[in-house]
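Residue numbers (this note's numbering): 686 to 850.
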């Protein structure tokens, strides 16, 4: 499961957000409140959905546990923000930078296995370290979290730690 390393440009997102932790996970509630509005968002760039996590500054994977707080977003990318038409929505600028992009294949219930691989096996032995930016998953509108054939992109913010070229 080798990732692609992608230099991402800043993206404009519109959606809904909620503060939570894994212990107090309200992801389903967040997505249920967002999904009915997704088609009415103007200026969408594509049909992809973003499941974004924003951790507090200075957070590191070594400090993560089930009570670590974060803000989760259910969002879509837009090329222009028109807040007059989106009073129930919030905006977020997704930071630019390098991302290691993995594919998680299978149901969401097995997602932790993918994260374990990324943070315990791939990252410690790569030329990269975790960067202090947003983490996110990206998937199509027909994504079903219980589908054994489901596929989602897992975007992990990284920076190169090797010698300068």
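Don't be surprised by glycine CBs; every beta carbon is placed ideally from N, CA and C.
Assuming residue i and residue j are in contact, meaning their beta carbons sit under 8 Å apart, how far apart are those beta carbons, in whole angstroms?
| i | j | result |
| --- | --- | --- |
| residue 766 | residue 699 | 7 Å |
| residue 837 | residue 779 | Rounded, the Cβ-Cβ distance is 16 Å, inconsistent with contact. |
| residue 763 | residue 697 | 5 Å |
| residue 805 | residue 759 | No, residue 805 and residue 759 are not in contact; Cβ-Cβ is about 28 Å, not under 8 Å. |
Less than 8 Å between the beta carbons of residue i and residue j, yes or no?
| i | j | result |
| --- | --- | --- |
| residue 810 | residue 799 | no |
| residue 756 | residue 734 | no |
| residue 703 | residue 821 | no |
| residue 782 | residue 818 | yes |
| residue 784 | residue 693 | yes |
Can you give me the C-alpha to C-alpha distance between residue i and residue j, rounded to a whole angstrom?
| i | j | result |
| --- | --- | --- |
| residue 842 | residue 769 | 32 Å |
| residue 691 | residue 833 | 27 Å |
| residue 729 | residue 709 | 31 Å |
| residue 807 | residue 801 | 9 Å |
| residue 839 | residue 816 | 15 Å |
| residue 752 | residue 830 | 23 Å |
| residue 705 | residue 754 | 6 Å |
| residue 731 | residue 712 | 22 Å |
| residue 727 | residue 736 | 19 Å |
Continuous beta strand (DSSP E) assignments of at least 3 residues falling wholly in the region 757-805: 775-779 and 782-790
Quick one: any contact between the region 822-839 and the region 770-783, if contact means 3 or more CB pairs under 8 Å? no
Does the region 716-725 come into contact with the region 779-796, if we say contact requires no fewer than three beta-carbon pairs (one atom in each stretch) closer than 8 Å? no
Going residue by residue through the region 693-750, where are the continuous alpha helix (DSSP H) segments of at least 4 residues, counting only ones entirely within it? 712-719
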